[in-house]
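Only one structure is covered here, and it is reproduced in the block below.
In the working numbering, the protein residues as written are 120 to 572.
Below, the structure written as structure tokens:
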């Protein structure tokens with residue numbers, strides 16, 4: 120008997136799940152239908168700022184696989200098809216698309232609706248010239264607006280805010296970032312590392328206002344003209360709201376799919392919800408933090424792809440498990456790179472874990488070599504055990520990808536001293552004889568264990 124799998128959402132998680140399920144079950148055994156409300160499927164949302172800045176063009180370079188490619192694998196993709204109702208008891212979805220509304224039954228369902236940008240409730244938030252960034256269509260619209268804009272303001276100093284501001288800077292568009300945080304990347308980095316990012320962004324030509332909440336937007340005849348923050352008005356004819364995102368769970372609530380403490384869909388390590396045959400993956404679903412065991416909602420493309428893969432393997436009859444996350448992330452602004460993994464000091468404190476930090480100011484390669492760039496590495500270790508808990512890096516080109524060494528060490532349960540004595544590679548064009556990763560780890564472990572060196 121043929122089952123029907125319906126996938127709601129056609130990006131990373133949804134299409135990974137569909138592809139893995141198809142590899143394990145042929146069409147005669149499993150019909151797969153994907154409903155995607157936008158005009159795009161299987162695309163890189165992370166590449167959107169680079170399209171805005173003209174680095175990646177045309178935009179369809181960001182599309183990994185077209186609907187035709189999926190059709191060749193007998194996966195039926197329906198674009199511009201929005202699921203507007205979900206009935207898990209009747210096992211149906213209601214879909215609005217060109218030509219009307221249809222009801223489609225399912226045996227199994229993958230809920231992969233992603234996340235929606237947070238749009239602050241404020242005056243003129245819907246004015247012409249005000250944007251959020253989620254889909255490729257958003258990126259296209261922002262790029263077009265930037266071509267004629269004279270001044271831009273980006274509200275929010277996180278990943279999206281920095282990457283969009285970098286794109287505008289590359290276009291020669293005067294830009295200011297406004298954030299309520301005391302520094303840029305305040306949700307990802309500790310204060311001492313935030314300060315380094317903020318200084319680097321200002322040095323490269325973008326205005327930064329920290330610790331300020333936007334009161335409202337200012338408009339004239341339906342078009343944005345500025346951003347009012349802390350009593351001052353920053354002129355702008357292009358505003359991008361990048362204050363964050365939240366899991367898109369409207370349909371889940373309507374369908375009675377339980378949510379977890381983060382507000383995202385609660386799932387187990389096989390990506391199952393508590394409703395039989397209903398799975399969830401990606402930005403709309405929770406993940407378990409690898410170190411604390413606490414549910415989190417990381418909103419990262421890496422996680423979405425992995426969770427979708429796990430769901431699809433299990434739908435296909437396999438037994439895959441998602442092991443959790445360290446909330447590892449990396450980005451850049453111009454010639455400054457930044458990355459993080461594991462716990463920050465504030466996150467460790469919130470989890471009731473006592474930690475010590477070690478920091479080193481060094482260079483990306485041997486300091487005497489041409490091309491050496493400054494780099495700061497910070498490591499955190501658990502007190503009494505010396506176990507590595509997290510790391511953050513801010514520096515020049517060639518610095519941030521070192522975070523992956525920390526990821527592997529934390530994943531393997533290593534201590535700071537273990538990493539400090541590991542057999543990392545060395546040659547002057549690549550690092551100093553003691554890589555900064557090793558030095559920061561050793562310092563953090565020494566302090567965590569009360570060792571005097």
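Each residue gets a CB set at the ideal place from its N, CA and C atoms; glycine is no exception.
- Taking the C-beta atoms as reference points, residue 248 is found nearer than 8 Å to residue 358.
- Shortest Cα-Cα distance from residue 201 to any of 209, 183, 245, 230 involves 230.
- DSSP places residue 236 in the uninterrupted beta strand (DSSP E) bounded by 234-236.
- Look at the segment 407-476 and you find these whole runs of beta strand (DSSP E), each 3 residues long or longer: 448-452, 455-461.
- Between residue 233 and residue 338, the CB-CB gap reaches or exceeds 8 Å.
- Under the 10 Å beta carbon count, residue 372 is surrounded by fewer than 16 other beta carbons and is classified as exposed.
- For secondary structure counted as the alpha helix (DSSP H) over 4 or more consecutive residues, the segment 514-538 holds these complete runs in sequence order: 522-530.
- Restricting attention to 418, 441, 436, 271, the CA atom closest to the CA of residue 429 is found in 441.
- Straight across, the Cα-Cα distance linking residue 503 with residue 481 is about 27 Å.
- Taking residue 491 as the centre and dropping the five residues before and after it, the same chain places the C-beta of 482, 483, 484, 485 closer than 7 Å to its C-beta, in chain order.
- Using a Cβ-Cβ distance cut-off of 8 Å, the segment 300-318 and the segment 339-357 are not in contact, since fewer than three pairs of beta carbons, one from each stretch, lie closer than that value.
- Apart from the 5 residues on each side of it in sequence, residue 386 sits with its Cβ closer than 7 Å to the Cβ of 392, 399, 404, 405 in its chain, given in chain order.
- In the three-state reduction of the DSSP assignment, residue 388 falls in the coil class, being assigned neither a helical nor a strand state.
- In the DSSP secondary-structure assignment, residue 292 is not bridged to any residue.
- For residue 133, the uninterrupted alpha helix (DSSP H) segment begins and ends at 131-143.
- Taken in chain order, the complete beta strand (DSSP E) segments of 3 or more residues contained in the segment 318-403 are 326-328, 333-339, 342-348, 351-354, 357-360, 364-366, 397-399.
- Residue environment for residue 278: buried (at least 16 other C-beta atoms within 10 angstroms of its C-beta).
- For residue 213, there is no enclosing alpha helix (DSSP H); the residue is part of the beta strand (DSSP E) that begins and ends at 211-216.
- Per DSSP, reduced to three states, the secondary structure at residue 562 is helical.
- Fully enclosed alpha helix (DSSP H) runs of no fewer than 4 residues occupy 255-265 of the segment 220-268, in order along the chain.
- The beta-carbon distance between residue 423 and residue 505, rounded to whole angstroms, is 33 Å. This is too long to meet the 8 Å contact definition.
- Bounds of the beta strand (DSSP E) holding residue 127 are 122-127.
- With contacts defined by Cβ atoms closer than 8 Å, residue 529 and residue 507 form a contacting pair.
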